[in-house]
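Have a look at the structure below, then the notes.
Chains as they are written, first to last, in UniProt numbering: chain A, 1 to 719; chain B, 1 to 259.
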């Protein structure tokens, strides 16, 4: 008998209160999704060559898990509270019939367990499904077919999902059961909305709104102008002020709605206007704090989702290999390497094989008596010209000696970056023989340099020196052109005047990072022999274009990697670079978006359950309305309006705060929106996502409330 | 008292609950008329069908057979849309538990039927003031129900039932939740409204005291009208009350104990 009751009640809970059950399922799915990150295709793929970093990330998962556990605990608590409130009359009845409280609580736990099992089955199913979809989407976005798909079912994740979910579900039920234990039967039987209609004094409420607005204003101001002061500590101040401001604002606003209701007299006899307004007010004013909390959660979720989405945008950069040409660079004895790379095994994979030599310029002949060897290069005239080309403010700083060091960044003017780079390198510059660089130019379809015997070209590494356009440096070109016109030489080596070639296409010299130089002189081969003491050599090559077209880039790259690994040569590949970037993008956006959506879902659920609780408690009012002649659709219209306002109020404040947050992130370059072609599609997609999530909740609430109204039937009470 | 024609005609009203083999006949062919300006009471023991009767007239439930005519129109055959038009505008209700919305102020509660039927507030202003004045609730118009006493609540509810000038007010045990003093006060007001403005009132009650304010009382039992008491022209309320008590005693000692 007892077990049948439990089974039936659990079944009824699922059927009658879909939102409650859906919340449980969502919680389970969320756990699974974060726990199964390690089984995602991309992560498995990245593990092959970035395993350290991945392990570090995976070590972070428990933290995210515990944080999610903490957040979802409140969600579950709230959902159960709502569910128990719904059934309080029934519990009262059980107790009236002589059930002992202990037994009732036990029954509740048993029912909770029953419901949990169904929620776990549904949640894990959905979680696995979503994780699969995410996994496939990401592999599709990233891998273009290279990342093999495998079912990401993770037994460990399922295990911890079950443990975590049962833990929070039972903690919530025990807390609520304890509360139930201390209730009187009368309270249970005649549970009603608190009859508090205390709307406070108008002055006090206006004060609340004013103080709230001021606090929000200050928070916005700090966010926009002072966020990075005091080592970012102001961020916490901003959050605290913003939260407090939101809470006060909501408190004052909710209560002042009553003033609006009583003031709009001309409207007060238009349909259910007053009723709708009062219902809304009751919902907001009596629970202003939790409404404010949902608003804060939505704000956070908007900011997090924007941040995550912008991280996805950088996925674009993964494939924009503006500066990088070569897929592989092999070190080692140059003859042996050449032999190996031209062997039958490797040949089909090798295109644009190029031998790169990088040397460093000698000093003046050592015989000089000074301690410090003086450089062979004299570039003082070029330096002068570069200084003259600086914007006036920096020129003054530079000339007055105020400017001590250089930082090379994309925000600096070109001249300043060049000056900085040359100051570092020009005394004993790196040298690249013309023939090596011509090989690179050939690979990208450019003409060879054909330098004169007294001519050099300046090379700047695009990976380290920000260059707007890879083929042009306008300021440098202007200076060179002018000097050429005036017949002036800007540089000399070994006291011999040297011409400088106007800017040439700049590309990465090797596949990844083994060559970390800012700049170099590209010199004619004889000059290289003459000036460089010793040199390093690298063999670079690319995967043939045809092969890439047929198989994509990744597959042949992985094959080559395997062959090279077995050969024992030192090598590096573009894969590392790719993997590193991919890893940051995937790990970053995954966790950030996850948190963002978690916040959103929690906020929506809280709003939904709150509304439905009020609806349930005040259902009698709709009955009275219908007695007074209100039509069903009139009441439903009023109820839809209430739902709309209930969601819109916290949403709209959150939208304002959220956009300030996004603006601040752009200003302080936490996120970077440039002229990305994907910016608008992605922004649009995520905005749609958020709106759809909120809309789904809104519709679900409206439908439940609809159902609640439909259930209201006038039952004649036979006296 | 102005007596013109029949306002409401109840003709052979039957209401059955339950299915084939287990039918309860709550109303078993009730017929009577209510004249314009009448204050009619309906008394009967528990389960006699008096609330079912009121609900049928109130259009809250549909009779199994028979009809209810309000000014010649058969309202028991109306569909729900037409009924909504009727409720609150041509029929006013007074409930035992007041049925005020506790998140609306007194005034907002009173005006609710007007809003529902889209009547301009400006036109109702004078009416509201008059009613509030008569029912002595002017001071509490801006209070919420939680801040009112039971008697005040019921007077606010009374104002709400009258605001839209209904043809008839249906009252279901309006004194049921009130103490003696408040109950008498309310009944005095209802009687005043009936006398002064000729408003027709139909009241279901247990309470002989409340019933003694009526001009005519129908007694129903087992779904049929089986007796009727009329207040004589010169009869005082106390005398009428005595007669009601006498009848109840004859019927079997108190309203709740007639088998």
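From the three backbone atoms N, C-alpha and C, an ideal C-beta is built for every residue, glycine too. As the structure is a computational prediction, the values presented were derived from the model and not from experiment.
Is there a C-beta anywhere in chain B that falls below 8 Å from the one on residue i?
i                      : result
residue 708 of chain A : no
residue 245 of chain A : no
residue 186 of chain A : no
residue 282 of chain A : yes
residue 588 of chain A : no
residue 279 of chain A : yes
residue 204 of chain A : no
residue 271 of chain A : yes
residue 624 of chain A : yes
Can you check whether the C-beta of residue i is within less than 8 Å of a C-beta belonging to chain A?
i                      : result
residue 16 of chain B  : no
residue 88 of chain B  : yes
residue 112 of chain B : yes
residue 255 of chain B : The predicted position of residue 255 of chain B is uncertain, since its pLDDT is 47 and thus under 50; no value can be drawn from it.
residue 25 of chain B  : no
residue 71 of chain B  : no
residue 197 of chain B : no
residue 243 of chain B : no
If you reduce the DSSP assignment to three classes, tell me which class residue i lands in.
i                      : result
residue 368 of chain A : Any reading at residue 368 of chain A is ruled out, since the residue's pLDDT is 49, under 50, leaving its predicted position unreliable.
residue 359 of chain A : strand
residue 223 of chain B : coil
residue 205 of chain A : helix
residue 680 of chain A : helix
residue 449 of chain A : coil
residue 12 of chain B  : strand
residue 190 of chain A : coil
residue 520 of chain A : strand
residue 378 of chain A : strand
residue 711 of chain A : helix
residue 29 of chain B  : strand
So with CB distances below 9 Å, who are the chain B contacts of residue i?
i                      : result
residue 634 of chain A : 84, 116
In chain B, which residues lie with their C-beta within 7 Å of the C-beta of residue i?
i                      : result
residue 621 of chain A : 101
residue 274 of chain A : 104, 108, 115
residue 212 of chain A : Within chain B, no residue comes near residue 212 of chain A; the closest Cβ sits about 23 Å away, beyond 7 Å.
Is the beta carbon of residue j closer than 8 Å to that of residue i?
i                      : j                      : result
residue 168 of chain B : residue 629 of chain A : no
residue 44 of chain A  : residue 61 of chain A  : no
residue 130 of chain A : residue 599 of chain A : no
residue 376 of chain A : residue 493 of chain A : yes
residue 201 of chain B : residue 171 of chain B : yes
residue 137 of chain B : residue 160 of chain B : no
residue 66 of chain B  : residue 11 of chain B  : yes
residue 188 of chain A : residue 97 of chain A  : no
residue 642 of chain A : residue 107 of chain A : no
residue 356 of chain A : residue 341 of chain A : no
residue 158 of chain B : residue 190 of chain B : yes
Residues of chain B with CB closer than 8 Å to the CB of residue i, please, in chain order.
i                      : result
residue 771 of chain A : The question about residue 771 of chain A has no answer here: the residues shown for chain A are numbered 1 through 719.
residue 251 of chain A : Result: empty, since nearest Cβ-Cβ is about 17 Å, beyond 8 Å.
Using a Cβ cut-off of 8 Å, pull out every chain A residue sitting near residue i, in sequence order please.
i                     : result
residue 93 of chain B : 627, 628
residue 81 of chain B : 631
- Item | Runs of alpha helix (DSSP H) wholly within the region 44-101 of chain B (minimum 4 residues, chain order) | 50-57, 80-86
- Segments of 4+ residues assigned as alpha helix (DSSP H) that fall wholly inside the region 527-587 of chain A: The region 527-587 of chain A contains these whole alpha helix (DSSP H) runs: 545-551, 554-567.
- Taking only runs of the beta strand (DSSP E) that begin and end inside the region 616-642 of chain A, which ones reach a length of at least 3 residues, in chain order? none
- Every unbroken alpha helix (DSSP H) inside the region 100-131 of chain B [4 residues or more]: Here the runs fully enclosed are 106-116.
- Whole alpha helix (DSSP H) runs in the region 468-500 of chain A with 4 or more residues, listed along the chain? Those alpha helix (DSSP H) runs which fall completely within the region 468-500 of chain A and span 4+ residues are 474-485.
- Item | Continuous alpha helix (DSSP H) assignments of at least 4 residues falling wholly in the region 123-210 of chain B | 150-162, 180-197
- Completely contained alpha helix (DSSP H) runs for the region 222-290 of chain A, where each covers 4 or more residues: 234-263, 273-285
- Query: Can you list the alpha helix (DSSP H) stretches of 4 or more residues lying completely in the UniProt domain "ABC3 transporter permease C-terminal" (63-184) of chain A, in chain order?
  - Reply: 88-96, 101-143, 155-181
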